[in-house]
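As you go down the protein sequences, you meet chains E and H in turn. Start counting the first sequence at 1188; every next residue gets the next number (our numbering). Start counting the second sequence at 1188; every next residue gets the next number (our numbering). Just below is one structure, and these are the notes that go with it.
There are 2 protein chains.
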Amino acid sequence: MTEKVQFSQITRQWMDIFMHRSMRGWSHFAKSTGLSMPQFSILMQLHHKGACGVSDISERFDITNAAASQLVDKLVQSGYLERTEDPSDRRAKVLNLTDQGRSFVVQGIQERHRWMDDLVKNLSTEERVKVSEALAILTEAAQRLEEKK
Amino acid sequence: MTEKVQFSQITRQWMDIFMHRSMRGWSHFAKSTGLSMPQFSILMQLHHKGACGVSDISERFDITNAAASQLVDKLVQSGYLERTEDPSDRRAKVLNLTDQGRSFVVQGIQERHRWMDDLVKNLSTEERVKVSEALAILTEAAQRLEEKK
DNA sequence: CTTTTTAGTTAAGCAGGCTTAACTATATGC
DNA sequence: GCATATAGTTAAGCCTGCTTAACTAAAAAG
């Protein structure tokens, strides 16, 4: 029982630190690119999940189709997104990151990763093995959870 | 060498999933409370770091004092923040979460934690021990890194 | 073939965040 | 004690995101 409580405490502590760090980092990075957070989030979403349509964006961010269309349009105008007609359904559009758009997101991800690298740098080899194992376990569990839903 | 590459890959994969989830969760939660993301972020910051002044907010979020003052004012009006005069410097204000403000943040954190709980629920006891150990290591490393800077 | 549904766009209008500029009030340096 | 710096507020104005409403065009249903 105390085991369980302690375990819970450990995960919570870690989450608090990690979430705070990554949120801070992302909003700072987005600002440095000159993009608004909503705009940048769309780029991230596309990088994470791959090509999609305008209505997927509106669903994902819980905004109207109109709002999504306008945001997407700005990103297309700015050269971060490519909007082509879906050949299988000519009403729909297929959104894709341009090279420039992708490079923005990748750059942001790398900055986040750098923090983790700094963290890990000072660990011993055994510690690193432990961390590696644990994160692999969690990643797998997350993927399983995703599928089930 | 391949060890190192693999390790790097594992942490990256985990970070991508975790960051994506938590960002998505936070923005969704903030919206459900009726607060804007900037407003909610201020509440989070106060919960994370404790009481501070208006200019600490402007520094932290890289906005002008004027903007911070206005955001804070809205939160005070809405009853989520308490703004009192600093007795040791009567120019300065001390910002504190009200009970209602704190409860919002805590509620958000708990929703994030629930995801992690779901993740962990399906792990074996040994796996849980491994995860627990590893997260404790990372948390400690993060705290050490914070101090050094 | 007509009706209805779906995907997306456009325009008007509102609300929010942010900036600059001007201001008040307190604290600090010389 | 006076000049300067610091903490915060207020107001005007801009830009962005978002919504509703009206619209186009294509697909699906009947």
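Virtual Cβ for every residue (Gly too), placed ideally from N, Cα, C.
Measuring alpha carbon to alpha carbon, tell me which residue in E:1283, E:1256, E:1250 is nearest residue 1266 (chain E). Your numbering for residue 1266 (chain E) matches position 79 in the first sequence. Per the Cα distances, E:1283.
Compare the beta carbon distance of residue 1217 (chain E) and residue 1205 (chain E) with 7 Å and say whether it is the shorter of the two. As a position in the first sequence, residue 1217 (chain E) is number 30, starting the count at 1. As a position in the first sequence, residue 1205 (chain E) is number 18, starting the count at 1. Their beta carbons are not under 7 Å apart, which means residue 1217 (chain E) does not touch residue 1205 (chain E) by this criterion.
Across the segment 1221 to 1235 of chain E and the segment 1232 to 1240 of chain H, are there enough close Cβ pairs to call them in contact, namely three or more that are closer than 8 Å? no
Under 8 Å from the C-beta of residue 1249 (chain H): neighbouring residues of chain E: Locating residue 1249 (chain H) in the second sequence gives position 62, counting from the first residue. Chain E residues near residue 1249 (chain H): 1215, 1218.
Can you pull the chain H residues whose beta carbon is under 9 Å from the beta carbon of residue 1309 (chain E), in chain order? Sequence index remark: in the first sequence, residue 1309 (chain E) carries index 122 (1-based). Chain H residues near residue 1309 (chain E): 1328, 1331, 1332.
Cβ contact check for the segment 1301 to 1314 of chain H and the segment 1310 to 1318 of chain E: 3 or more pairs under 8 Å: no
Take residue 1220 (chain H) and list the residues in its own chain whose beta-carbon comes closer than 6 Å to its own, dropping the five residues that flank it on each side. On the second sequence, position 33 is the one that residue 1220 (chain H) refers to. These residues qualify, in order along the chain: 1291.
Cross-strand partners of residue 1269 (chain E) (DSSP beta bridge): One-based indexing of the first sequence puts residue 1269 (chain E) at position 82. DSSP lists E:1283 as partners of residue 1269 (chain E).
With a cut-off of 7 Å, does the C-beta of residue 1293 (chain H) fall near any C-beta of chain E? Translated into the one-based positions of the second sequence, residue 1293 (chain H) becomes position 106. Not one chain E Cβ lies under 7 Å of residue 1293 (chain H).
Return the Cβ separation of residue 1201 (chain H) and residue 1326 (chain E) in integer angstroms, given the expectation that the two are a contact with Cβ distance under 8 Å. What you label residue 1201 (chain H) is simply residue 14 of the second sequence in a count that begins at 1. What you label residue 1326 (chain E) is simply residue 139 of the first sequence in a count that begins at 1. Yes, residue 1201 (chain H) and residue 1326 (chain E) are in contact; Cβ-Cβ is about 5 Å, under 8 Å.
Which runs of the alpha helix (DSSP H), 4 residues or longer, sit entirely within the segment 1230 to 1257 of chain E? 1241 to 1248
According to the Cβ coordinates, are residue 1197 (chain E) and residue 1323 (chain H) closer than 7 Å? Taking the first residue of the first sequence as 1, we reach residue 1197 (chain E) at position 10. Taking the first residue of the second sequence as 1, we reach residue 1323 (chain H) at position 136. Going by beta carbons, residue 1197 (chain E) and residue 1323 (chain H) fall inside the 7 Å limit.
Taking the straight line between their C-alpha atoms, what separation do you get for residue 1192 (chain H) and residue 1285 (chain H)? Within the second sequence, the letter at position 5 stands for residue 1192 (chain H). Within the second sequence, the letter at position 98 stands for residue 1285 (chain H). Using only the alpha carbons, I get a separation of about 47 Å.
Could you work out which residues of chain E lie near residue 1200 (chain H), taking near to mean beta carbons separated by less than 7 Å? The sequence position of residue 1200 (chain H) within the second sequence is 13, counting from 1. Residues of chain E passing the Cβ test: 1326.
Please list, in chain order, the chain E residues whose beta carbon lies closer than 7 Å to that of residue 1305 (chain H). Here residue 1305 (chain H) refers to the residue found at position 118 when the second sequence is read from its first residue. Chain E residues near residue 1305 (chain H): 1332.
Mind checking whether residue 1280 (chain H) and residue 1316 (chain H) have CB atoms under 7 Å apart? Counted from its first residue, the second sequence places residue 1280 (chain H) at position 93. Counted from its first residue, the second sequence places residue 1316 (chain H) at position 129. No, these two residues do not count as a Cβ contact at 7 Å.
Please go through the same chain and pick out, in chain order, the residues whose beta-carbon is closer than 6 Å to the beta-carbon of residue 1269 (chain E), but skip the five residues on each side of it. Residue 1269 (chain E) sits at position 82 when you count from the first residue of the first sequence. Within the same chain, residue 1269 (chain E) has close Cβ partners 1283, 1285.
Where residue 1208 (chain H) and residue 1300 (chain E) are concerned, what is the direct C-alpha to C-alpha distance, given to the nearest angstrom? Mapped onto the second sequence, residue 1208 (chain H) falls at position 21. Mapped onto the first sequence, residue 1300 (chain E) falls at position 113. Their Cα atoms are separated by approximately 16 Å.
What did DSSP end up calling residue 1274 (chain E) once you bin it into helix, strand or coil? As a working mapping, residue 1274 (chain E) is identified with position 87 in the first sequence. DSSP places residue 1274 (chain E) in coil when its eight states are reduced to three.
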